[in-house]
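Q:
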Amino acid sequence: MSSNVEQSAEQVRVQDSRQLTRTRRRALLAASAGNFVEWFDFTIYGFMAVTLAEVFFPPDSGGTALLAVFAVYGSAFIARPAGALFFGTMGDRLGRRGSLGRFNRSMQHRFI
Numbered sequence: 004m005s006s007n008v009e010q011s012a013e014q015v016r017v018q019d020s021r022q023l024t025r026t027r028r029r030a031l032l033a034a035s036a037g038n039f040v041e042w043f044d045f046t047i048y049g050f051m052a053v054t055l056a057e058v059f060f061p062p063d064s065g066g067t068a069l070l071a072v073f074a075v076y077g078s079a080f081i082a083r084p085a086g087a088l089f090f091g092t093m094g095d096r097l098g099r100r101g102s103l104g105r106f107n108r109s110m111q112h113r114f115i
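Start counting at 1 in the sequence shown, then tack on 3, and there's your number in my numbering.
(1) Does the beta-carbon of Val53 have 16 or more other beta-carbons within 10 angstroms, so that it is buried, or is it exposed?
(2) I'd like to check one pair, Tyr76 with Phe39: are the Cβ atoms closer than 9 Å?
(3) Is the beta carbon of Ala87 within less than 8 Å of some heavy atom of the ligand GDP?
(4) Quick one: is Val58 buried, meaning 16 or more other Cβ sit within 10 Å of its Cβ, or exposed?
(5) So, are the CB atoms of Gly101 and Gly94 less than 9 Å apart?
Quick look at the structure:
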């Protein structure tokens with residue numbers, strides 16, 4: 004009888020470890036995909052900086068336009084941790100759903 008209980012306990016542990024491994028793999032895949040997309044976006048923006056400077060700024064400004072494009076590029080690296088600090092704190096207090104709801108409502112007020 005005790006060997007049946009031990010076998011059952013062992014089967015539960017194996018199933019739990021498989022489920023945990025599957026969950027970790029899915030989390031790793033999701034985090035990797037998000038990181039890849041984010042860095043791909045930043046890389047494309049960096050490579051396109053000269054073209055963006057020519058398109059969105061006056062043609063006679065040259066180097067100033069390129070510096071302005073890189074200033075916008077740099078602001079993304081500052082805004083992301085600032086937003087994470089703000090919305091992370093809000094998410095800890097209100098939960099993920101409450102934080103996202105407040106963010107969505109604040110964006111709706113800007114467009115209305």
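Note that CB positions come from ideal geometry on N, CA and C, so glycine has one too.
A: Walking through what the data contain:
(1) exposed
(2) no
(3) For the structure depicted, the ligand GDP is absent and the ligand set is empty, with no information on it obtainable.
(4) exposed
(5) yes
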